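First residue of the sequence shown? That's 1 in full-length UniProt numbering, and the numbers climb one at a time after it.
Here is the structure we will look at.
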Amino acid sequence: MASRGGEVAIELPTLIRVYKDGTIQRLVDPPYIPPSSVPDKDTGVSSKDVVISSNVSARLYLPQAAGTRKLPVLVYYHGGGFLIESAFSAVHHPVLNRLAAACGALTVSVEYRKAPEHLLPAAYDDCWEALRWVTEPTQRDPWLAEHGDFGRVFVGGDSSGGNIVHNIVMRVGREGLPGELTLVGAFLTHPYFFGSEPIGSEPKHGFEQTLHYRCWNFVYPDAPGGINNPMISPMAAGAPSLVTLGCRRLFVGVAGEDEIRDRGVWYYEAVKDSGWEGEIELFEIEGEGHAHQVLRPILIMPRR
1 MASRGGEVAI ELPTLIRVYK DGTIQRLVDP PYIPPSSVPD KDTGVSSKDV VISSNVSARL
61 YLPQAAGTRK LPVLVYYHGG GFLIESAFSA VHHPVLNRLA AACGALTVSV EYRKAPEHLL
121 PAAYDDCWEA LRWVTEPTQR DPWLAEHGDF GRVFVGGDSS GGNIVHNIVM RVGREGLPGE
181 LTLVGAFLTH PYFFGSEPIG SEPKHGFEQT LHYRCWNFVY PDAPGGINNP MISPMAAGAP
241 SLVTLGCRRL FVGVAGEDEI RDRGVWYYEA VKDSGWEGEI ELFEIEGEGH AHQVLRPILI
301 MPRR
């Protein structure tokens with residue numbers, strides 16, 4: 001195959017192509033969009049970028065109506081299969097403007113390291129570092145210090161970001177947060193979960209060649225247990241009990257036409273049956289596909 005890097009070594013359709021000479025081509029790579037200290041004309045939300053560490057940064061979103069009120073704090077993890085997308089992209093930036101405005105929350109959208117340059121668990125570690133930074137009183141950005149209500153901290157994410165949310169909430173349950181803070185709630189929108197055996201409407205033939213199966217093995221080739229690692233398969237045999245989830249409320253969103261819709265429903269049922277004492281809600285949108293609320297702008301962008 002003739003291309004910029006010569007012969008292709010591996011391709012994950014719609015996500016990434018890696019050539020034998022080591023060249024990496026992201027098949028969808030939306031342009032960078034800068035933050036704006038001037039409130040967005042449609043949402044009234046201002047934004048700015050912050051550096052958390054040498055590996056982690058974030059974009060903060062402040063609703064215009066904040067004034068002197070303390071706002072809930074939402075830490076958000078974007079999707080993209082651990083391979084593509086960015087907190088600073090022309091796709092996620094407008095989504096976060098709308099989300100911050102709708103929720104009335106001071107929102108922190110985390111920019112974490114991506115595979116294959118940085119294989120998992122790098123992204124999990126980065127996202128945990130970001131949550132610790134947000135909730136650590138000695139490290140708070142002025143926006144967080146002035147406007148954040150740290151009695152109302154939430155986390156959320158879409159697709160692989162929803163997967164990250166689950167793993168972050170499990171870690172909160174194990175380790176807690178600085179200053180005895182608690183995590184009020186979390187939302188997982190179309191979370192990327194998978195496993196070694198098909199469930200529900202997933203294909204019975206060629207299952208190991210599906211994008212979701214191949215993607216996990218690519219982004220975390222050394223995962224203990226492979227595709228049955230609890231980080232991708234929370235209900236696998238030997239996985240930690242979901243009763244230890246470290247928040248009080250959970251919202252799971254699924255889409256009727258999403259190929260991994262049944263995984264989200266299974267997760268919801270497993271949490272309900274685990275003995276976890278929090279509140280959980282499942283919401284399904286019929287007739288829509290995976291991450292439709294984010295991906296519509298991507299679908300009209302030229303492929304590379």
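Ideal Cβ placement from N, Cα and C applies to all residues, glycine included.
Model, not experiment: these values are computed from the prediction.
One or two residues paired with residue i in a DSSP bridge
i	result
Thr107	Tyr61 and Leu74
Asp126	None; Asp126 has no bridge partner.
Ser89	Tyr32
Asp158	Thr189
Ser47	Tyr61
Gln139	Paired residue(s): none; Gln139 is not in a bridge.
Glu284	Val254
Gly148	Leu71
Ile24	Val18
Proximity below 7 angstroms, CB of residue i to CB of residue j
i	j	result
Leu181	His147	no
Ser160	Gly195	no
Tyr192	Asn228	no
His78	His190	no
Asp141	Asn97	no
Glu111	Ser57	yes
Leu295	Val252	no
Glu259	Glu288	no
Ile33	Ala87	no
Pro198	Phe207	yes
Leu250	Ile285	no
Ala236	Pro230	yes
Asp126	Asn55	yes
Asp149	Pro72	yes
Three-state class that DSSP yields for residue i in the structure shown
i	result
Gly176	coil
Phe218	helix
Tyr32	strand
Glu279	strand
Tyr19	strand
Val153	strand
Leu12	strand
Ile84	coil
Val294	helix
Glu7	coil
Asp42	coil
Asn55	coil
Thr115	In the sequence as displayed, the identity of residue 115 is Ala instead of Thr. Looking at Ala115 - three-state DSSP - the assignment turns out to be coil, as it is neither helix nor strand.
Pro121	coil
Leu181	coil
Contacts around residue i, its chain only, beta-carbon distance under 8 angstroms, and the 5 residues preceding and following it disregarded
i	result
Pro178	Arg132, Thr135, Glu136 and Pro137
Gly44	Pro63, Gln64, Ala65 and Ala101
Ile84	Leu15, Ile16, Arg26, Leu27, Val28, Asp29 and Lys114
Gly176	Gly246
Ala9	Val18, Tyr19 and Lys20
Val165	Tyr77, Val155, Gly156, Gly157, Ala186, Phe187, Leu188 and Pro191
Arg248	Thr182, Leu183, Val184, Gly185, Gly278 and Glu279
His212	Tyr192, Phe194, Glu259 and Ile260
Gln139	Trp133
Glu269	none
Tyr267	His166, Leu188, Pro191, Phe193, Pro234, Met235 and Val252
Other residues of its chain near residue i: CB distance less than 6 angstroms, five sequence neighbours each side excluded
i	result
Val172	Leu183 and Gly246
Tyr61	Val45, Ser47, Leu96, Ala100 and Thr107
Asn167	Tyr124 and Met231
Leu299	The predicted position of Leu299 is uncertain, since its pLDDT is 36 and thus under 50; a value taken from the coordinates is nonetheless stated next. Answer for Leu299: no residue qualifies.
His92	His78
Lys70	Asp149
Cys215	Leu12 and Gly81
Other residues of its chain near residue i: CB distance less than 7 angstroms, five sequence neighbours each side excluded
i	result
Trp276	Leu242, Val243 and Leu245
Phe82	Lys114, Ala115, Leu120, Ala123, Ser160 and Val219
Arg261	Val254 and Ala255
Glu11	Arg17
Val50	Ser57, Ala58, Leu60 and Asp141
Lys272	Ile280
Ser201	Asp262
residue 307	Since the first residue of the chain shown is 1 and the last is 304, residue 307 is not available in this structure.
Residue i Cβ short of 6 angstroms to the ligand ZN heavy atom set
i	result
Asp258	Of the ligands one can find in the structure shown there are none, so the ligand ZN has no counterpart to examine.
What alpha helix (DSSP H) runs, 4 residues minimum, are completely inside the region 183-265? Fully enclosed alpha helix (DSSP H) runs of 4 or longer: 211-219.
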